[in-house]
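Peer 1: Handing you this structure, nothing more for now.
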Amino acid sequence: MTQAGATRTDVGAASFVHTGTGDNNFFVEFTPPPRKPPRRLAREELYFHMRRFVRPAAANAAYDTLARDRLIVLTGPDGSGRRTTGRVLLGELPGKEVPFELVPDVAENGHHSLDPELIQPGNRLLLDLTATEETARRGMAEQLPELWEQVRELAAYLVVLLPDAERELPHYVASQVHHLAHPDRAALLRRRLRCAGMDTRACSPVPESLATYLTTGPRLRDVARLAHSVIRLRDRHRHGVHGITDTPELFAEWCAKALSTLTDPQAVVDSIVEQATKAHERAFCYASALLEGARTDTVHAAARVLMTATSTPADPKPLLERDGTHHLLRTIGADRVGDRHTFAQQEVAEALCRHLWSDRPDLRGVLLDCTPQLLALPALGAEESEAAAGRVAELMTGTEPDSVLRQRVEGWAEQGTEGSLTAASALLDRLVQHPRLGTAWRRWIYDRAGVQTLTPGLRRVLTGVCATTMATRYPRSALIRLHRLAASEPEGQEATGALLTHVREDEQALHHLLHRLSRRLGAPDRHPRDLGIFLAVAADRDLLARTVTADGLSCWRCVFRTAEPERWRTASAPLLGPGADGETLRSLIAAAGRNHPALNALYLTAVEAGPPAHADRVLRLICEARSPRPPSSKEETAP
């Protein structure tokens, strides 16, 4: 769900891309899996930001440093756009590589660490340390030299984001630091309006109310929210009056209305709450705020759920004398567009939700208890259900302690209903992206992913969040957690399937998985499921050919040494077919070493896979591998 002022654009059935007026938020559906790969979603998000980007003064110099030295450090005050600037600068480099985010999570050994071996040629890396604790930031700064050396060797690029580099960075990277200031807010507003289809010539001259607001130095996020509110008012105006032209007078009117709600939303809320004095009016008001944009009859059903949950007595009036939805909508200042209801500005619904949460703390428990029932209303669409779940998650994140949040995630997941799974997923989705709490919650997922006794509902929630939101925002962290989920699931293939989908859509993820499996399979205390996970990768025809690498052959070596041939013959058959090149055959045979049962199984597989000539070819290679004989020199063979 969106944060205050955040919006979204739907991409496919289960994927969402940020529209730019608030924090990035992604939402999860459990089935079917996302139709667009996470890397493609990340690319679309990057293009979105690049279109709306207003360059700070230091951006050009930072780009030159990045292109020359392959490392820059961006600093600046909160809200200066460090993260967006870093991603855009990486995206502007030649080529089509999507920036890959390094997340300073607590590693498996309990320490913050970054593994330089996982950097691939041409990577564009973003290391965001702005919300990291000071101790961890110092540890990361000490690892920068080794990381920078690896980046240069592999022709990669690295952008580091820090809040205050002067105190924490070593001297040898001081020349890479660029301090960002806020970009021109008026230019940012015009760019947002122009990208939304508005004729920005109507923005001149700047209305007095807007000029006064911009002189206060609002956060860039608030300026983006203002642009979104203006566009929403403009769209409503154009819906009622067809064929209008954007004019300075209309723009001034929209700005005044938008600013009145943005700067003082409580005044609008107070006026609505004062009008809605009866129980059924309050219930309809709160349901309208939670399900903003849903069908009006669905909101009416949600209001009845809230009244039942609060034990509100039934209205004694006859049915025909009771207030209808038209009267209720007029009471709370909402409009009906077709068969759906909407407020003039999105901020009204968000302010009403915050009012419900802060002004009536006695209703919090009631609202949370009936949230799964609200999200499972039959006429509620998937989009409205996810949006409502996100609103509830946002309210909880700002006020509830970690213990309550964990109880709700686990409790909703254990219920296993469609509404409860949506609620649990939205809350966990929000938490893993939180700038302050995200690291701890990603660590919590890591710990829970290795537990074999997880309930089916919680396993589905963890798998869904890792396979969508984390796969898009934190690919390597998502891979590690999906691997742990796959290794710990007692039966079924849900987590394993999500892991295969993730590595199939991201070549870097496959490299990381093979690297991880090669280390774990070679360890004395290897996990019993790791062998099956590698064979599941090899059984995928889209992945098999990419397992003939250094790490992949290390995994094959462990397979040949520890597994019965019946387990791996089917998976390896395509690599031993007539179309296999000699180098692939030699690598696979060399991985078997002097394991005679494995070599015999390889030969039998080749016999079944191709004609006799191909089998003879494989047999010659096996013989060469079993009894290598160096060629004799001419001097030794001369008569």
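The opening position of the sequence shown corresponds to residue 406 in this note's numbering, with each subsequent residue numbered one higher.
Where is the CB? At the ideal position from N, CA and C, for every residue including glycine.
Under DSSP, the beta strand (DSSP E) around Phe748 begins and ends at which residues?
Peer 2: Position 343 of the sequence shown holds residue 748. Unbroken beta strand (DSSP E) run through Phe748: Arg745 to Phe748.
Peer 1: For the region 982-993 against the region 944-963, are there 3 or more C-beta pairs whose distance is under 8 Å?
Peer 2: Short answer: they touch.
Peer 1: The alpha helix (DSSP H) spanning Thr620 covers which residue range?
Peer 2: Residue mapping note: residue 620 aligns to position 215 of the sequence shown, counting from 1. Its alpha helix (DSSP H) spans residues Glu613 to Thr620.
Peer 1: Note down the Cα distance separating Thr804 from Gly770, rounded to an integer number of angstroms.
Peer 2: As a working mapping, residue 804 is identified with position 399 in the sequence shown. As a working mapping, residue 770 is identified with position 365 in the sequence shown. Thr804 and Gly770: Cα-Cα distance of roughly 13 Å.
Peer 1: Reducing DSSP to helix, strand and coil, say where Val866 ends up.
Peer 2: As a working mapping, residue 866 is identified with position 461 in the sequence shown. DSSP places Val866 in helix when its eight states are reduced to three.
Peer 1: For Glu506, is the classification buried or exposed, using 16 other Cβ atoms within 10 angstroms of its Cβ as the cut-off for buried?
Peer 2: The residue you call residue 506 lines up with position 101 of the sequence shown. Burial call: buried.
Peer 1: Three-state secondary structure (DSSP) at Thr715?
Peer 2: Your numbering for residue 715 matches position 310 in the sequence shown. Coil.
Peer 1: For Pro550 and Gly544, I'd like the C-alpha separation in whole angstroms.
Peer 2: Residue mapping note: residue 550 aligns to position 145 of the sequence shown, counting from 1. Residue mapping note: residue 544 aligns to position 139 of the sequence shown, counting from 1. Each residue's alpha carbon lies about 12 Å from the other.
Peer 1: Count the other CB atoms within 10 Å of the CB of Thr650; is the residue buried (16 or more) or exposed (fewer)?
Peer 2: Here residue 650 refers to the residue found at position 245 when the sequence shown is read from its first residue. The residue in question, Thr650, is exposed, as its Cβ has fewer than 16 Cβ neighbours within 10 Å.
Peer 1: Could you give the uninterrupted runs of the beta strand (DSSP E) lying entirely in the region 627-679, keeping only those of 3 residues or more?
Peer 2: none
Peer 1: If contacts are defined as beta-carbon pairs under 8 Å, then Leu531 and Pro499 qualify, I think. What distance do you get, rounded to the angstrom?
Peer 2: Here residue 531 is taken as the residue at index 126 of the sequence shown, counted from 1. Here residue 499 is taken as the residue at index 94 of the sequence shown, counted from 1. About 17 Å separates the two Cβ atoms, so there is no contact after all.
Peer 1: Within the region 875-910, note down every full alpha helix (DSSP H) run reaching 4 residues or more, in order along the chain.
Peer 2: 880-893 and 899-910
Peer 1: Candidates Ala985, Arg1025 and Gly998: which alpha carbon is nearest Ala1014's?
Peer 2: Position 609 of the sequence shown, counted from the first residue, corresponds to residue 1014. Here the closest residue by C-alpha is Ala985.
Peer 1: What is the residue span of the alpha helix (DSSP H) that Arg590 lies within?
Peer 2: On the sequence shown, position 185 is the one that residue 590 refers to. Arg590 to Cys600 is the extent of the alpha helix (DSSP H) around Arg590.
Peer 1: In the structure shown, what three-state DSSP assignment does Thr407 receive?
Peer 2: Translated into positions along the sequence shown, residue 407 becomes position 2. Unreliable placement is indicated for Thr407, whose pLDDT of 37 sits below 50; the coordinate value is still reported in the next sentence. DSSP places Thr407 in coil when its eight states are reduced to three.
Peer 1: Secondary structure at Thr426, three-state DSSP: helix, strand or coil?
Peer 2: The count along the sequence shown starts at 1 and reaches residue 426 at position 21. At Thr426, the pLDDT of 41 sits below 50, so the modelled position is not reliable; the number obtained from the coordinates is stated separately. Looking at Thr426 - three-state DSSP - the assignment turns out to be coil, as it is neither helix nor strand.
Peer 1: For Leu494 and Ala464, which I take to be in contact (beta-carbon distance under 8 Å), what is that distance rounded to the nearest angstrom?
Peer 2: Here residue 494 is taken as the residue at index 89 of the sequence shown, counted from 1. Here residue 464 is taken as the residue at index 59 of the sequence shown, counted from 1. About 7 Å; that satisfies the 8 Å criterion.
Peer 1: Using only alpha-carbon positions, find the residue among Asp911, Leu922, Arg865 and Gln913 that is nearest to Glu894.
Peer 2: By one-based count along the sequence shown, residue 894 stands at place 489. Among Asp911, Leu922, Arg865 and Gln913, the Cα nearest to that of Glu894 belongs to Arg865.
Peer 1: Name the two residues that bound the continuous alpha helix (DSSP H) containing Asp720.
Peer 2: Counting from one through the sequence shown, the residue named residue 720 turns up at place 315. It is not in any alpha helix (DSSP H) - Asp720 carries neither H nor E in the DSSP assignment.
Peer 1: Could you check the C-alpha separation between Asp604 and Arg460 for me, to the nearest Å?
Peer 2: Position 199 of the sequence shown, counted from the start, is the residue given in the question as residue 604. Position 55 of the sequence shown, counted from the start, is the residue given in the question as residue 460. For Asp604 and Arg460, the distance between alpha carbons rounds to 21 Å.
Peer 1: With DSSP collapsed to three states, give me the class of Ile477.
Peer 2: Looking up residue 477 in the sequence shown gives position 72. Secondary structure at Ile477: strand, using DSSP grouped into helix, strand and coil.
Peer 1: Between Gly821 and the rest of its own chain, which residues show a CB-CB distance below 7 Å, the 5 nearest in sequence each way excluded?
Peer 2: The sequence position of residue 821 within the sequence shown is 416, counting from 1. Same-chain partners within the cutoff: Pro861 and Gly862.
Peer 1: How is Glu506 classed by DSSP in three states: helix, strand or coil?
Peer 2: On the sequence shown, residue 506 is found 101 positions in, with the first residue counted as 1. If DSSP states are grouped into helix, strand and coil, Glu506 belongs with the strands.
Peer 1: Take the Cβ of Leu585 as the centre, count every other Cβ of all protein chains shown within 10 Å, and call the residue buried at 16 or more, exposed below.
Peer 2: Along the sequence shown, read from residue 1 onward, the residue named residue 585 stands at position 180. Label assigned to Leu585: buried.
Peer 1: Please report the straight-line C-alpha distance between Pro526 and Ala561, rounded to a whole angstrom.
Peer 2: Taking the sequence shown and counting its residues from 1, one reaches residue 526 at position 121. Taking the sequence shown and counting its residues from 1, one reaches residue 561 at position 156. Spanning the two alpha carbons is a distance of roughly 6 Å.
Peer 1: Report, in whole angstroms, the separation of the C-beta atoms of Trp659 and Arg639, which I expect to be a contact under 8 Å.
Peer 2: Translated into the one-based positions of the sequence shown, residue 659 becomes position 254. Translated into the one-based positions of the sequence shown, residue 639 becomes position 234. Right, the Cβ-Cβ distance comes to about 6 Å (below 8 Å), so this counts as a contact.
Peer 1: Tell me Ala739's beta-bridge partners as DSSP assigns them.
Peer 2: Walking along the sequence shown from the start, residue 739 turns up at place 334. Paired residue(s): Phe748.
Peer 1: Among residues of its own chain, excluding the 5 on either side of Glu823, which ones have a beta-carbon nearer than 6 Å to its beta-carbon?
Peer 2: Here the question's residue 823 lines up with position 418 in the sequence shown. Correct list, in chain order: Ala781.
Peer 1: Nearest to Ala616 by CA position, among Ala891, Arg687 and Phe656, is which residue?
Peer 2: In the sequence shown, residue 616 corresponds to position 211, counting from 1. Nearest C-alpha to Ala616: Phe656.
Peer 1: Measure the CB-CB distance between Ile850 and Ala891 and report whether it falls below 8 Å.
Peer 2: Here residue 850 corresponds to residue number 445 of the sequence shown, with the count starting at 1. Here residue 891 corresponds to residue number 486 of the sequence shown, with the count starting at 1. Taking 8 Å as the Cβ cut-off, Ile850 and Ala891 do not qualify as a contacting pair.
Peer 1: Pick from Arg909, Ser790, Ala784 and Arg765: whose alpha carbon is nearest that of Pro777?
Peer 2: In the sequence shown, counting from the first residue as 1, residue 777 sits at position 372. Comparing C-alpha distances from Pro777 to each of Arg909, Ser790, Ala784 and Arg765 shows the shortest one belongs to Ser790.
Peer 1: Give me the Cα-Cα distance between Ala934 and Arg925, rounded to the nearest whole angstrom.
Peer 2: As a position in the sequence shown, residue 934 is number 529, starting the count at 1. As a position in the sequence shown, residue 925 is number 520, starting the count at 1. Residue identity differs from the one stated: residue 934 is Arg in this sequence, not Ala. Roughly 11 Å between the two C-alpha positions.
Peer 1: Hey, would you say Arg448 sits closer than 8 Å to Cys600, going by beta carbons?
Peer 2: Position 43 of the sequence shown holds residue 448. Position 195 of the sequence shown holds residue 600. Cβ atoms of Arg448 and Cys600: not closer than 8 Å.
Peer 1: Give me the Cα-Cα distance between Ala792 and Ala798, rounded to the nearest whole angstrom.
Peer 2: For the purposes of this step, residue 792 is taken as the residue at position 387 of the sequence shown. For the purposes of this step, residue 798 is taken as the residue at position 393 of the sequence shown. Computed Cα separation, rounded: 10 Å.
Peer 1: Taking the straight line between their C-alpha atoms, what separation do you get for Ala714 and Cys775?
Peer 2: The residue given as residue 714 occupies position 309 in the sequence shown. The residue given as residue 775 occupies position 370 in the sequence shown. Distance between the alpha carbons of Ala714 and Cys775: 7 Å.
Peer 1: Alpha carbon to alpha carbon, what distance is there between Ala663 and Trp846?
Peer 2: As a working mapping, residue 846 is identified with position 441 in the sequence shown. As a working mapping, residue 663 is identified with position 258 in the sequence shown. Using only the alpha carbons, I get a separation of about 35 Å.
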